[in-house]
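Okay, so the sequence shown: first residue is 0 according to numbering that gives the first Met the number 0, each after it adds one. Note that the Cβ used here is the ideal one computed from N, Cα and C, for glycine as well. Note that the structure is a prediction, hence the values are computed from the model and not measured.
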Amino acid sequence: MLAANDLPLIVDIKRHSLEDGPGIRSVVFFKGCPLRCIFCQNFETQEPGVEIAFSARECINCGRCADACPQKAINLELPGRICRERCIRCGRCASVCPGKGLRLIGSYYPVETLTEILLRDSPFYRHSGGGVTLSGGECTLYPDYLELLLKNLKARSVHIVLETSGYFDYDTFKQKILPYIDFIYYDVKFANPEIHRRYTGKTNHRILDNLRRLLQESEVNVHPRIPLIPGITATRENLSALVAILCEVGADRVSLLPYNPMGIEMAVSLGRPRPPLPKGFMKHDEEREIYAMFKKILEEISGGVTSNCL
């Protein structure tokens with residue numbers, strides 16, 4: 000059993016998902032990630048500790064939060080309400096907020112509690128070919144917790160999907176996590192290591208090496224994905240170089256993830272600078288153009304990599 004201070008924070012448990020693997024699934028979003036992608040869709044999962052998010056749309060300016068704060072970190076005149084330098088993230092402001100303008104991000108779940116929650120939907124998993132998807136953040140930051148959770152789930156024959164940035168210690172992953180995984184969505188963002196560092200905070204050396212080892216040493220089904228960020232990842236130069244790398248490491252498939260700007264407002268609600276990204280979704284014409292370009296890249300570069308997104 001893990002000690003209470005060894006438990007990871009969990010941001011959300013999304014039940015009845017149809018988008019994160021086969022069948023009907025429960026998706027667990029772990030808090031904490033070694034990368035700092037400026038285009039992250041889930042900024043609330045980057046930091047491993049609890050955070051306070053503020054939504055101006057939900058705030059009714061009642062002032063209860065300011066009265067409850069022991070640090071005097073709430074100022075109703077501030078656009079974001081919270082003086083982040085003073086805030087100790089105790090959550091008292093969120094606990095008294097009637098309009099959910101302030102929310103405490105992150106909750107602790109003992110392994111047995113999370114297991115029980117996830118097994119509630121076992122009939123849906125069985126009848127749809129679904130299961131549980133582990134996401135984040137980067138869930139592989141917590142190998143001891145995952146090992147216990149996965150043993151419980153596999154004892155009930157639950158299908159497991161892992162979504163990962165690929166930035167993990169391979170030997171620990173191989174020992175504690177990989178034996179219980181049925182399918183991996185593996186995100187690759189940039190071919191150039193220095194560009195990767197510029198936009199994510201880390202180079203891609205470990206990510207690509209881990210992908211190579213997974214494809215060459217394990218039997219697990221690995222599905223690489225490329226997030227499309229206009230003008231950043233979605234360039235011919237980057238996509239061509241990534242396809243060449245995927246061929247070299249032995250991948251036989253790849254998907255493109257359409258650009259999603261929904262993370263921008265979450266970054267702002269957490270008191271971070273607004274990311275320099277397009278505010279809207281890609282237009283259909285722009286998306287079709289990129290998919291056509293990617294299809295041509297796949298045709299030009301031999302190696303047998305196919306895409307199920309075209």
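Under the DSSP assignment, residue 38 falls outside any beta strand (DSSP E); it carries neither an H nor an E label. Annotation: the continuous alpha helix (DSSP H) that includes residue 169 extends over 169-175. Between residue 13 and the set 247, 269, 133, the nearest pair of CA atoms involves 133.
Residue 80 is positioned such that its CB atom lies closer than 9 Å to that of residue 100. Runs of beta strand (DSSP E) with 3 or more residues, each lying fully within the region 249-280, are found at 252-256, listed in chain order. Taking every protein chain shown into account, the CB of residue 120 has 16 or more other CB atoms within 10 angstroms, so this residue is buried. Between the beta-carbon of residue 296 and that of residue 238 there is about 6 Å, and that keeps the pair under the 8 Å contact cut. Under DSSP, residue 220 shares a beta bridge with 182.
Between the alpha carbons of residue 27 and residue 274 lies a distance of about 25 Å. Listed in chain order, the beta strand (DSSP E) elements of length 3 or more contained wholly in the region 9-97 are 24-29, 50-53. Boundaries for residue 155: no alpha helix (DSSP H) harbours it, and the DSSP string shows neither H nor E there.
Under a 10 Å Cβ-count criterion, residue 174 is classified as exposed, with fewer than 16 other Cβ atoms of the shown protein chains found around its own Cβ.
Residues of the same chain with a CB within less than 7 Å of the CB of residue 53, apart from the 5 flanking positions on each side, are 79, 80, 81, 100, 101, 268 in chain order.
Per DSSP, the beta bridge partners of residue 130 are 24, 158. DSSP, read as helix, strand or coil, puts residue 226 in strand.
For residue 103, the enclosing beta strand (DSSP E) starts and ends at 101-104.
Cβ-Cβ distances below 8 Å link residue 235 to 292, 296 in the same chain, with the five nearest sequence neighbours on each side left out; the list follows chain order. Cβ-Cβ separation between residue 149 and residue 179: approximately 4 Å, consistent with a contact (criterion under 8 Å).
Residue state for residue 305 is assigned as strand, using DSSP reduced to three classes. With fewer than 16 other beta carbons inside 10 angstroms of its own, residue 305 counts as exposed. By the CB criterion at 9 Å, residue 256 and residue 225 fall inside the cutoff. At a Cβ-Cβ threshold of 9 Å, residue 165 and residue 186 count as neighbours. Sorting 249, 229, 188 by C-alpha distance to the C-alpha of residue 215 places 249 at the top. For residue 163, DSSP records a beta bridge to 185. Residue state for residue 107 is assigned as strand, using DSSP reduced to three classes. In the three-state reduction of the DSSP assignment, residue 141 falls in the coil class, being assigned neither a helical nor a strand state. With contact defined as three or more Cβ pairs closer than 8 Å, the region 58-77 and the region 87-100 are in contact.
Take residue 21, set aside five residues on each side of it, and the residues of its chain with a beta-carbon closer than 7 Å to its own are 128, 129, in chain order.
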